[in-house]
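A.B. asks:
Protein chains: 2
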Amino acid sequence: MALVVQKYGGSSVAEASRIKRVAQRIVATKKAGNDVVVIVSAMGDTTDELLELAQQVTPLPPGRELDMLLTAGERISMALLAMAIANLGHEARSFTGSQAGVITDSTHGKARIIDVTPGRIQEALQVGQIAIVAGFQGVSQDTKDITTLGRGGSDTTAVALAAALDADVCEIYTDVDGIFTADPRIVPAARQIPRISYDEAMEMAACGAKILHLRCVEYARRFGLPIHVRSSFSSREGTWVVSDPNNEGIEMEQPIISGVAHDRSEAKITVVGVPDKVGEAAAIFRTLADVEINIDMIVQNISAAATGRTDISFTLPSADGTVAVTALKRIQEEIGFEKLLFDDQIGKVSLVGAGMRSHPGVTAKFFGALADAGVNIEMISTSEIRISVIVGQDEVDSAVTAAHRAFDLDVDQVEAVIYGGTGR
Amino acid sequence: MALVVQKYGGSSVAEASRIKRVAQRIVATKKAGNDVVVIVSAMGDTTDELLELAQQVTPLPPGRELDMLLTAGERISMALLAMAIANLGHEARSFTGSQAGVITDSTHGKARIIDVTPGRIQEALQVGQIAIVAGFQGVSQDTKDITTLGRGGSDTTAVALAAALDADVCEIYTDVDGIFTADPRIVPAARQIPRISYDEAMEMAACGAKILHLRCVEYARRFGLPIHVRSSFSSREGTWVVSDPNNEGIEMEQPIISGVAHDRSEAKITVVGVPDKVGEAAAIFRTLADVEINIDMIVQNISAAATGRTDISFTLPSADGTVAVTALKRIQEEIGFEKLLFDDQIGKVSLVGAGMRSHPGVTAKFFGALADAGVNIEMISTSEIRISVIVGQDEVDSAVTAAHRAFDLDVDQVEAVIYGGTGR
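These protein sequence lines map, in sequence, to chains A and B.
Counted the way UniProt numbering counts, the first sequence spans residues 1 to 424.
Counted the way UniProt numbering counts, the second sequence spans residues 1 to 424.
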């Protein structure tokens with residue numbers, strides 16, 4: 001008998017009929033002889049509706065009360081799901097994050113899990129019940145106040161509980177069949193990836209792939225917990241995220257590149273004419289850190305000898321653009337830079353693949369494909385298993401399509417053996 | 001400095017603008033130098049909407065999960081109210097029933113409060129915060145599951161917390177100015193009652209007056225806690241419910257009758273031709289108790305000597321009619337009664353007044369007034385401070401109007417001294 005943790009997102013439980021379908025899937029898993037723990041998000045647009053209500057009351061809701069408000073969303077969906085399971089003749093019990101033992105720090109709105117003590121979940125499983133747990137929420141260790149985990153919180157709840165319960169697998173249900181080699185809306189020939197490593201999945205998440213959140217994959221990697229990303233609308237195998245996708249003795253042709261991710265949510269700021277002195281760059285990025293802005297890529301031009309000045313470009317979430325520009329203008333005189341350029345018409349395209357460690361020439365092939373497609377590269381950054389470029393936002397689609405084809409990822413180019421894995 | 005507990009019902013917080021207005025009232029109470037604890041119901045129709053969602057999922061939701069679902073309603077309203085107070089520059093903290101220490105038994109849907117341990121509320125008050133508490137909910141002592149208190153639950157939360165905190169007053173806010181001598185929609189000359197005893201308020205509640213729930217008044221009487229029923233739409237004094245409304249040395253002409261209550265929600269069942277043997281009536285009412293039906297009035301005719309048979313009539317909530325009739329039909333043969341009559345076109349009209357203890361002739365005057373108005377009396381029941389009659393449903397208005405006038409309750413008949421009290 002296995003212990004299966006399943007997580008269903010908001011769209012999977014957006015209305016009563018969908019909740020009933022999810023209940024059937026849960027009961028089927030239980031009937032197959034598994035213990036089942038289910039993590040559920042708020043129904044559909046509930047969270048947005050609650051945020052809208054809060055905005056009607058005050059433009060600046062206190063974090064503690066906003067968390068209290070938002071956690072009503074999962075409370076509704078988890079109770080309804082438990083009822084739907086009861087209606088199928090199986091016993092289910094719903095638990096809040098606090099009841100499930102999700103202990104966090106006190107940072108309202110983006111609390112971090114510091115401990116998981118799932119005693120009540122274990123008791124429920126021992127008497128044969130299906131446990132339904134509210135995602136996204138916990139209780140602070142110090143103040144006993146209700147907290148929320150922020151973006152991707154429900155996935156993180158699922159992985160953290162699965163790890164604490166020593167589950168055999170954490171299934172993340174979504175509205176697509178798993179992780180794809182590229183966004184199928186851009187590349188119709190994109191294919192679903194049967195198995196991928198934690199490292200690759202983290203790079204994909206960090207580069208804009210929306211299926212799995214970085215934080216949840218990080219957590220799973222730390223505990224060596226297999227994640228199975230699959231569709232709540234079909235029973236097909238999805239994508240397995242594991243430590244070593246090729247450790248099962250099955251000979252398969254490993255692709256060099258696992259996938260092409262893209263992200264249109266960033267903007268680029270260029271600080272023009274920075275005096276080329278020690279500490280100037282540090283001052284710029286300390287200023288940005290002080291206003292809590294996460295920088296992604298950074299490029300510094302070689303200093304022009306004639307002027308003793310350089311340009312520094314970096315990318316950041318577009319939404320933080322105004323705050324960043326305001327903060328930098330405040331230190332313009334002190335630093336002595338000439339001006340700021342702001343461009344939110346950019347996009348990031350990233351190649352991710354553990355295979356590139358052992359395959360030189362990936363960069364050349366990638367850049368060649370982009371050149372052939374007439375795409376101009378504005379910035380470059382690389383990690384051991386990733387190459388990212390910044391391009392014009394209207395060139396993102398061409399860049400993704402060109403890279404996907406260049407690395408033989410299109411469905412019609414792939415050998416059948418790629419699909420040969422048994423899943424797990 | 002006084003400790004004031006305020007309770008706001010669902011219509012007082014039905015939308016963001018009303019929540020903001022309630023917040024202003026709370027802040028005004030705080031600014032006047034009081035410690036303030038607020039109990040709040042779910043917004044407007046939220047509870048009905050959640051029940052509708054549950055019905056879409058299953059016709060028979062388990063009680064534990066229904067309670068989990070419904071308690072999301074107060075969670076939303078209390079967080080929004082705390083935000084609205086914060087927006088006015090005052091510190092507020094919202095607390096669930098569980099966090100506020102409302103400990104109940106495990107009877108989901110109609111749990112009884114068995115203890116109140118408001119440590120977190122007291123801590124909040126000590127540091128100058130306004131405490132906002134979810135009404136209607138608690139946590140079971142045995143299972144630590146979330147429970148709801150059933151009808152009138154928020155009023156009961158308010159009175160129970162006020163008693164545990166040794167509050168100076170429990171203010172129940174509603175959409176009218178207090179308790180009236182009759183329903184102003186029927187008797188335009190009805191007037192607001194400035195002060196009323198617990199006993200009278202309980203009889204009024206039991207007889208269909210909808211302002212205060214019986215259970216909440218019972219609780220307040222046990223602890224000698226003054227209740228002030230008032231409108232959330234005005235700052236006028238409302239109705240004070242106290243142990244002795246006349247104990248302040250103010251000479252006032254005490255009316256014999258405090259008010260006329262009515263109730264159209266009952267039905268009457270007559271069991272015709274019951275053999276007049278020992279134990280037959282007991283068997284009938286045990287059968288009804290077994291299916292959890294609350295009987296109100298009972299009348300048994302004198303047995304007709306010729307037949308050795310009698311008729312037994314009783315009233316019960318109309319909604320329970322089908323269940324009662326079905327249960328009685330099952331024992332028809334065993335008991336040997338002839339037939340059942342069911343009538344839901346009835347209404348109950350009740351005179352309530354502590355003064356009737358010392359005023360003989362109230363019954364005669366009441367019945368005379370009804371006779372003059374052409375109203376036929378079907379059943380009668382009395383207590384020390386109440387006389388109730390069952391009449392045809394279409395005669396309820398005439399009966400209430402006639403009784404109200406007969407006992408000099410109409411506004412234009414009342415001496416000004418009636419209004420002379422200072423409230424408290």
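All C-beta atoms in this analysis are idealised placements derived from N, C-alpha and C, irrespective of residue type, glycine included.
Remember, it's a predicted structure, so these values are computed and weren't measured experimentally.
#1: Using a cut-off of 7 Å between C-beta atoms, extract the partners of T58/B located in chain A.
#2: Going straight from the alpha carbon of K31/A to that of V40/B, what length do you get?
#3: Is there a Cβ of chain B sitting closer than 9 Å to that of Q99/A, yes or no?
#4: With distances taken Cα to Cα, identify the nearest neighbour of S232/A among I113/A, A2/A, R21/A.
#5: Does the beta carbon of E94/A come closer than 9 Å to any beta carbon on chain B?
#6: Can you tell me where the beta strand (DSSP E) with C170/A in it begins and where it stops?
#7: Alpha carbon to alpha carbon, what distance is there between D320/B and D343/B?
#8: Between M1/B and chain A, is any beta-carbon pair separated by less than 9 Å?
#9: In chain B, which residues lie less than 8 Å from L53/A when you measure between Cβ atoms?
#10: Within 9 Å of any Cβ in chain A, is that where the Cβ of P62/B sits?
#11: Thinking D311/B and V271/B are a contact (beta carbons under 8 Å), I'd like their distance in whole angstroms, please.
#12: Evaluate T326/B with the Cβ neighbour count: other Cβ atoms within 10 Å of its Cβ, from every protein chain shown; 16 or more gives buried, anything less gives exposed.
#13: At the 9 Å Cβ level, is T117/A part of the contact set with chain B, yes or no?
#14: Counting only the same chain and skipping the five closest in sequence on each side, list residues whose C-beta sits under 6 Å from that of A354/B.
#15: Could you tell me which of I380/A, A86/A, I172/A sits nearest to K268/A, measuring between CA atoms?
#16: I'd like the ranges of any beta strand (DSSP E) spanning at least 3 consecutive residues and lying wholly in the stretch 284 to 327 of chain B.
#17: From the DSSP output, read off the bridge partner residues of G355/A.
#18: Nearest CA to the CA of residue 436/A: which residue from R18/A, I121/A, A283/A, Q192/A?
#19: How close, in whole Å, do the beta carbons of G128/A and E91/A come, if the pair is a contact with beta carbons under 8 Å?
#20: Can you tell me which of the three DSSP states L165/A falls into?
#21: Across which residues does DSSP place G347/A in a beta bridge pair?
#22: Could you tell me the boundaries of the beta strand (DSSP E) in which D35/B lies?
#23: State the beta-bridge partners of residue 456/B as determined by DSSP.
#24: For Q122/A, report the span of its alpha helix (DSSP H) as first-last.
#25: Here's the rule I'm using: 16 or more other beta-carbon atoms within 10 Å means buried, otherwise exposed. How should W282/B be labelled?
#26: Please say whether I19/B and V57/A have beta carbons closer to each other than 9 Å?
#27: Is the stretch 139 to 146 of chain B close to the stretch 99 to 116 of chain B, with three or more CB pairs under 8 Å?
#28: Could you check whether the Cβ of G9/A sits closer than 9 Å to any Cβ belonging to chain B?
#29: Excluding the 5 residues flanking A205/A on each side, which residues of the same chain have their C-beta closer than 7 Å to its C-beta?
#30: Please identify the residue among S258/B, S243/B, D244/B, I335/B whose C-alpha is closest to the C-alpha of R286/B.
#31: Show which residues of chain D have a CB atom less than 9 Å away from the CB atom of K20/B.
#32: According to the neighbour-count rule (16 or more other Cβ atoms, all chains shown, within 10 Å of its Cβ), is N34/A buried or exposed?
#33: By DSSP's criteria, V241/A is part of a beta bridge. Which residues make up the other side?
#34: For D350/A, which residues of its own chain have a beta-carbon under 6 Å away from its beta-carbon, when the five flanking residues on both sides are left out?
#35: So what does D410/B bridge to, in DSSP terms?
C.D. replies: Result, derived from the coordinates:
#1: Against T58/B, the close residues of chain A are M83, A84, A86, N87, in the order they occur along the chain (beta-carbon pairs closer than 7 Å).
#2: Linking K31/A to V40/B through their CA atoms gives a straight-line distance of about 43 Å.
#3: At least one CB of chain B lies nearer than 9 Å to the CB of Q99/A.
#4: Restricting attention to I113/A, A2/A, R21/A, the CA atom closest to the CA of S232/A is found in R21/A.
#5: At residue 94/A the sequence reads Ser, which differs from the Glu that was named. Judged by the 9 Å Cβ criterion, S94/A is in contact with chain B.
#6: In this chain, the beta strand (DSSP E) harbouring C170/A covers 169 to 174.
#7: Rounded to the nearest angstrom, the two C-alpha atoms are 12 Å apart.
#8: Not an interface residue.
#9: The answer, in chain order, is A16, I76, L80.
#10: Yes, contact with chain A.
#11: Right, the Cβ-Cβ distance comes to about 7 Å (below 8 Å), so this counts as a contact.
#12: Classification of T326/B: exposed, given that the 10 Å Cβ count is below 16.
#13: Taking Cβ atoms only, chain B never reaches closer than 9 Å to T117/A, which makes this a no.
#14: The beta carbon of A354/B is closer than 6 Å to those of S197, E200, I385 in its chain, skipping five residues each way along the sequence.
#15: Of I380/A, A86/A, I172/A, the smallest CA-CA separation from K268/A is found for I380/A.
#16: Entirely contained in the stretch 284 to 327 of chain B, the beta strand (DSSP E) runs reaching 3 residues are, in chain order, 298 to 300, 309 to 317.
#17: G355/A pairs with nothing; no bridge assigned.
#18: Nothing can be reported for residue 436/A, as the shown portion of chain A is limited to 1 through 424.
#19: Rounded, the Cβ-Cβ distance is 7 Å, consistent with contact.
#20: Per DSSP, reduced to three states, the secondary structure at L165/A is coil, with no helix or strand assignment.
#21: According to DSSP, G347/A bridges with V391/A.
#22: Looking at the DSSP string, the run of the beta strand (DSSP E) that includes D35/B is 35 to 40.
#23: Any property of residue 456/B remains undetermined from this structure, which presents chain B solely from 1 to 424.
#24: Element bounds for Q122/A: 119 to 126.
#25: According to the sequence provided, residue 282/B is Ala. The question's Trp does not apply to it. Its Cβ having fewer than 16 others within 10 Å, A282/B is exposed.
#26: Between V57/A and I19/B, the gap from beta carbon to beta carbon is short of 9 Å.
#27: A contact exists between the stretch 139 to 146 of chain B and the stretch 99 to 116 of chain B.
#28: By the rule that beta-carbons nearer than 9 Å mark a contact, G9/A does not touch chain B.
#29: Contacts found: L212, H213, L214, V217.
#30: Looking at the Cα atoms, I335/B is the closest of the given residues.
#31: Absent from the structure is chain D; the protein chains it does hold are A and B.
#32: Flag for N34/A reads buried.
#33: Looking at the DSSP output, V241/A bridges to I196/A, I227/A.
#34: As written in the sequence, residue 350/A is Ser, which differs from the Asp given in the question. Once the five neighbours on either side are set aside, the close Cβ partners of S350/A are C207, A261, R386, S388.
#35: Answer is none; D410/B lacks a bridge partner.
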